[in-house]
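S.K.:
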Amino acid sequence: MSTLRDRIKRHLELSERLHKAALEVLKAKIVDEKLKNKKILEVASKYGFTNTKLKQKVKILREKKDYLVSKKKIESIVEKMQDVQCTDSVKDICEKHNLKSTLISTELRKYRRLHGRYQYDKPIRCHGYFTYLNEFSMLEHLKTWKQTDRISSCHCKTCALEYLPKWAYIFAKDQKIDYRNSWDTKKEANVEWVLEFEMRHYNEIIKSEFKSPNLCKYDHPQLYTSGRQTPCDISLPASTSQALQTKNSQSDQENFNVSIILY
């Protein structure tokens, strides 16, 4: 049976090519569903992927792009409505931008409750247990983790993704987020979620400059003179509040300022 690490390593070997294939489909900007499926089939064959695998990646990126477009639009509207000179009603604004009034009313209440420290958030549909802001905060945590214990630990991309499901489990427990019961067995998120996280945040992970898997201290010990622990042996914080000392409230975790790069 393949271990989590084995699955991650195989996935990363194909990750760059899969991302390139997905961008080729998305940049074609095909609206018709039949033509879109035909394009996916054509590109999947070209890059050596199954139709299902490429379709999954395309769906993940398209959903994320839709969220980011909505995020920018809704935050702009909510910010505008705080201006004392704004005379438009919620109904007028929603009709103008083709939005539901219940959505904007909800976001306005969030803005006031958070005293301006507000970002639009939304649950992730593809294997989604978390919201987008939840996952952006996990990306921020991985950047912090990368700076710790540089001598004995490895912070390559493989090790980062092997560490991630344990942190995701702690995050879910701490924030009282519903997750699959099977996560309790090993106290970590399942591998399907981890691989989708990488597909969804491919660019951000690249920008975080984790070492190449080819430089992993665990898989290539001959490259290093000092020993290392596996990520599973590294001491984990008991909760997200312990790890994020200055960002330990739910509202703060909803308001990470993350530079998002899509395609």
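Its first residue numbered 282, the sequence shown is counted upward by one per residue in the numbering used here.
All C-beta atoms, glycine included, are put in the ideal place defined by N, C-alpha and C.
Here the structure is a predicted model, which means the values were calculated and not measured.
Along the alpha helix (DSSP H) that carries residue 357, what are the first and last residues, could you check?
M.R.: Element bounds for residue 357: 332-361.
S.K.: What runs of the alpha helix (DSSP H), each 4 residues or longer, lie entirely inside the region 448-477?
M.R.: Qualifying alpha helix (DSSP H) stretches, in chain order: 464-467.
S.K.: Do residue 371 and residue 392 come within 9 Å of each other at the CB atom, strictly closer than that value?
M.R.: No; because the gap between Cβ atoms is not below 9 Å, this pair is not in contact.
S.K.: From the DSSP output, in three-state form, read off residue 403 for me.
M.R.: Residue 403 falls in the coil class under three-state DSSP.
S.K.: If you run the structure through DSSP and keep just helix, strand and coil, what is residue 375?
M.R.: Helix, per DSSP.
S.K.: Smallest Cα separation from residue 290: which of 443, 461, 382 and 452?
M.R.: It is 443.
S.K.: Using the Cα positions of residue 439 and residue 482, report the straight-line distance between them to the nearest angstrom.
M.R.: Taking the straight line joining both Cα atoms gives about 15 Å.
S.K.: Could you check what DSSP says for residue 492 in three-state terms: helix, strand or coil?
M.R.: If DSSP states are grouped into helix, strand and coil, residue 492 belongs with the strands.
S.K.: What's the C-alpha gap between residue 491 and residue 384?
M.R.: Using only the alpha carbons, I get a separation of about 38 Å.
S.K.: Confirm, please, whether the CB-CB distance from residue 306 to residue 324 is below 9 Å.
M.R.: Yes, the pair counts as a contact, with Cβ atoms nearer than the cut-off.
S.K.: Provide the residue span of the alpha helix (DSSP H) that contains residue 291, from first to last.
M.R.: Taken as a continuous stretch (DSSP letters only), the alpha helix (DSSP H) holding residue 291 covers 285-308.
S.K.: Less than 9 Å between the C-beta atoms of residue 321 and residue 310, yes or no?
M.R.: Cβ atoms of residue 321 and residue 310: not closer than 9 Å.
S.K.: Would you please state the rounded distance, in angstroms, between the beta carbons of residue 446 and residue 469? I believe it to be under 8 Å.
M.R.: Yes, residue 446 and residue 469 are in contact; Cβ-Cβ is about 4 Å, under 8 Å.
S.K.: Per DSSP, residue 437 forms a beta bridge with which residues?
M.R.: Bridge partners of residue 437: 492.
S.K.: Is it buried or exposed, residue 296, if we count other Cβ atoms within 10 angstroms and call 16 or more buried?
M.R.: Buried is the call here.
S.K.: For residue 505, collect the residues of the same chain with a Cβ closer than 6 Å to its Cβ; drop the 5 residues on either side in sequence, then sort them by chain order.
M.R.: Same-chain partners within the cutoff: 498.
S.K.: Which term fits residue 494, buried or exposed, when burial requires 16 or more other beta carbons within 10 angstroms of its beta carbon?
M.R.: Flag for residue 494 reads buried.
S.K.: Expressed to the nearest angstrom, what Euclidean distance is found between the alpha-carbon atoms of residue 485 and residue 420?
M.R.: Taking the straight line from one Cα to the other gives about 8 Å.
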